[in-house]
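Order-wise, the sequence lines are chains A and P.
With numbering that gives the first Met the number 0, letter number 166 in the first sequence gets 165, and the count goes up by one each step, no holes.
With numbering that gives the first Met the number 0, letter number 34 in the second sequence gets 33, and the count goes up by one each step, no holes.
Backbone N, C-alpha and C define an ideal beta-carbon position, used for all residues, glycine too.
Protein chains: 2
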Amino acid sequence: MEKVGFIGLGIMGEPMALNLLKAGFNVIAYNRTEAKADVIIEAGGENGRTPKEVAEKSDIIITIVSDTPDVHDVILGENGVIKGAKKGSVVIDMSTISPSVTKDIAAKLKMENIEMLDAPVSGGDVGAINGTLSIMVGGNSEILERCKPILEAMGKTITHCGTNGMGQTTKLCNQILVSVTNMAVSEAVLFAQKSGLDGGKMVEATKGGAAGSWQLSNLAPKMIDEDFAPGFMIDLQQKDLRLVLEAAEEIHLPLPALSYVHQLYKSNQANGEGKEGTQALYKSVKRLTPK
Amino acid sequence: MEKVGFIGLGIMGEPMALNLLKAGFNVIAYNRTEAKADVIIEAGGENGRTPKEVAEKSDIIITIVSDTPDVHDVILGENGVIKGAKKGSVVIDMSTISPSVTKDIAAKLKMENIEMLDAPVSGGDVGAINGTLSIMVGGNSEILERCKPILEAMGKTITHCGTNGMGQTTKLCNQILVSVTNMAVSEAVLFAQKSGLDGGKMVEATKGGAAGSWQLSNLAPKMIDEDFAPGFMIDLQQKDLRLVLEAAEEIHLPLPALSYVHQLYKSNQANGEGKEGTQALYKSVKRLTPK
């Protein structure tokens, strides 16, 4: 069985690495804050002191860190994966980062005969814990076949979206869809409430037809109950929307609705609601109206 | 069995009236263009020369006409329903019109001891033909119980949303949801295409999760295939969005995303695309970008 390096033991990475161990893979883990690797060691994994060392000991190296510069760093940096990885090994980046930087990194790895897949996920920490993530993959399809058993230990729906970068592009499309659909739900709930219509009745009457969406079924009831506990946190959503807008800038694509939602989430952040769930978008739309 | 008056034999009204006949109701129909009643007479119905005459011959009077002034006219006008309706009869307005005018009309009918339900529908002409409409009802719940057999001959999901006007308010919420979710889909499809990502792959990878919606599953494939044949026509959607914005004005509620979609549909109309389906919103978003 192939040895799996795992770099980044955050809220997503830790349960994903544990699922790999459960599935029987050898896991060599690295985290910038070293103490975080203890959980993996207790569960039967190993520790590597640097991304380079992890790569030396592994056949497949997974990275899932915060943002574009972090991925650049752990893969191409001084003690990065590229310095230790064997020829023919595969880097799977499961972070959500820039599609164009992803292509650059894949090209640089390829020059060292190291393969790469971009494989960002959706489904949140619950999906990471339960191993039910959706994984959107960019890269060579044969490499994907080779890595499938590993991905299947962490996710349920694995879609091959195209060449390197297309996994990231698909993830950004996902974030456009969730954000602007959330805006549709926020405006509809407020319109109902300000009109004296019971929000729950509105959801019940509309969710089964052409107005229906995951956001309506799952977030509207939370808006109505004023339950703003995070499923997915606004601060994290904002990082993804920044990536969307940067990528859109590169291809000269105006995204007026998405941009506007990004601005309203800034109102949430300015009001100290950055750690709340994305359904708190409702509060920013509400702030536009008189009491 | 109660006698049903039916006023308005348009693209929705005609198949709805035919479904009532199929269910065994006596139908007395009226249409401004009288020849349109021929289909109903052939199917076993009667004709009334004015809304007043229809009301005289009926226990329940259904109206489904184009817009707020038309409903006002056929119910409260010179030869309107109110002039002929018996005490204790019920008017069911199934048009999509202003919630506040609906309340006024219901109050005026009530003074003559005539009951009213507002019961706008969603599901389009296909739903009208198949008798699978969603019906959103405002008004007294006992009156709704009395009218249920009639509504069940035309629709599948019947939701009691609240007092008079709340059926209309729910319908307008439905239109906010479909329009702004359509915007989410338009931006995501364009972002995918301009990034070189296969639109179909994007839909496949995202539709099962938090990004999922009826609009994504049903309209994104049409955008990708450049199939702009109408399911629901932009010109009709625009009338409903005008009603949303007028109602929002009355309650001082800003709806920035919905307003923006309304403006983009104006771009469709200005480009001669008013008779195309709402998925042509994609074309207006596309027009914002360089070729």
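Of all alpha-carbon atoms in P:Gln262, P:Met201, P:Ala16, P:Phe190, the one lying nearest the alpha-carbon of Pro253 of chain A is that of P:Phe190.
In the structure shown, Asp103 of chain P falls within a helical segment according to DSSP collapsed to helix, strand and coil. A distance of 8 Å or more separates the beta carbons of Thr131 of chain P and Met93 of chain P. Neighbours of Asp239 of chain P in chain A, taken as residues whose beta carbon is under 7 Å from its own, are absent, since the nearest beta carbon is some 12 Å off.
The three-state secondary structure of Glu114 of chain P, taken from DSSP, is strand. Counted as a single uninterrupted DSSP element, the stretch harbouring Phe231 of chain A is not any beta strand (DSSP E), since DSSP gives it neither H nor E. For the alpha helix (DSSP H) assignment, the uninterrupted runs of no fewer than 4 residues enclosed by the stretch 22–100 of chain P are, from N- to C-terminal side, 37–41, 50–55, 67–75, 80–83. In the DSSP assignment, Thr205 of chain P falls outside any beta strand (DSSP E) and within the unbroken alpha helix (DSSP H) covering 198–205.
The beta carbons of Cys160 of chain P and Met182 of chain P sit no closer together than 8 Å. Ala209 of chain P sits close to Ser121 of chain A, with the two beta carbons spaced by under 8 Å. Per the coordinates, the alpha-carbon of Ile6 of chain A lies some 46 Å from the alpha-carbon of Gln174 of chain P. By the CB criterion at 8 Å, Ser194 of chain P and Ala246 of chain A fall inside the cutoff. Ile223 of chain A sits in a helix when the DSSP states are folded into three classes. The stretch 212–223 of chain P makes no contact with the stretch 147–160 of chain P: fewer than 3 CB pairs, one atom from each, lie closer than 8 Å. In this structure Val3 of chain A is in contact with Asn25 of chain A, their Cβ atoms being roughly 7 Å apart against a cut-off of 8 Å. In the DSSP assignment, Lys274 of chain A falls outside any alpha helix (DSSP H), carrying neither H nor E. DSSP places Met182 of chain P within a helical segment (H, G or I) once states are collapsed to three. By the neighbour-count criterion, in which 16 or more other beta carbons inside 10 Å mark a residue as buried, Ala228 of chain A falls on the exposed side. Three or more beta-carbon pairs separated by less than 8 Å are not found between the stretch 195–204 of chain A and the stretch 198–208 of chain P, which leaves the two stretches without contact. At least one C-beta of chain A is nearer than 8 Å to the C-beta of Leu215 of chain P. Of all C-beta pairs linking the stretch 42–56 of chain A to the stretch 67–87 of chain A, three or more are shorter than 8 Å, placing the two stretches in contact.
Counting only Cβ-Cβ distances below 9 Å, Asn173 of chain P has contacts in chain A at Ala187, Met201, Ala204, Thr205, Gly208, Ala209, Ala210, in chain order. Contact between Leu280 of chain P and His261 of chain P fails: their C-beta atoms lie close to 11 Å from each other, not under 8 Å. With a cutoff of 8 Å on beta-carbon distance, Ala105 of chain A and Asn163 of chain A are scored as near each other. In the structure shown, Gly154 of chain A falls within a strand segment according to DSSP collapsed to helix, strand and coil. A check of alpha carbon separations from Leu287 of chain A across A:Gly271, A:Leu263, A:Glu272, A:Gln278 identifies A:Leu263 as the nearest.
The three-state reading of DSSP puts Lys2 of chain P in strand, counting E and B together. Contact annotation, Gln268 of chain P with Gln237 of chain P: C-beta distance approximately 7 Å; criterion of less than 8 Å satisfied. At a cut-off of 8 Å, the C-beta of Asp234 of chain P has no neighbouring C-beta in chain A. For a Cβ distance threshold of 7 Å, residue set Gly207 of chain A lies close to Thr156 of chain P, ordered along the chain. Taking 8 Å as the cut-off, the Cβ atoms of Ile27 of chain P and Gly44 of chain P count as close.
From the beta-carbon of Leu196 of chain P, the residues of chain A found nearer than 8 Å are Cys160, Gly161, Met165, Thr168, Thr169, Cys172. Using a Cβ-Cβ cut-off of 8 Å, Met135 of chain A counts as an interface residue toward chain P, since at least one Cβ of chain P sits closer than that to its own.
Taking C-alpha positions only, Ala118 of chain A is separated from Ala256 of chain A by approximately 26 Å. Going by C-alpha positions, Ala34 of chain A is about 24 Å away from Asn129 of chain A.
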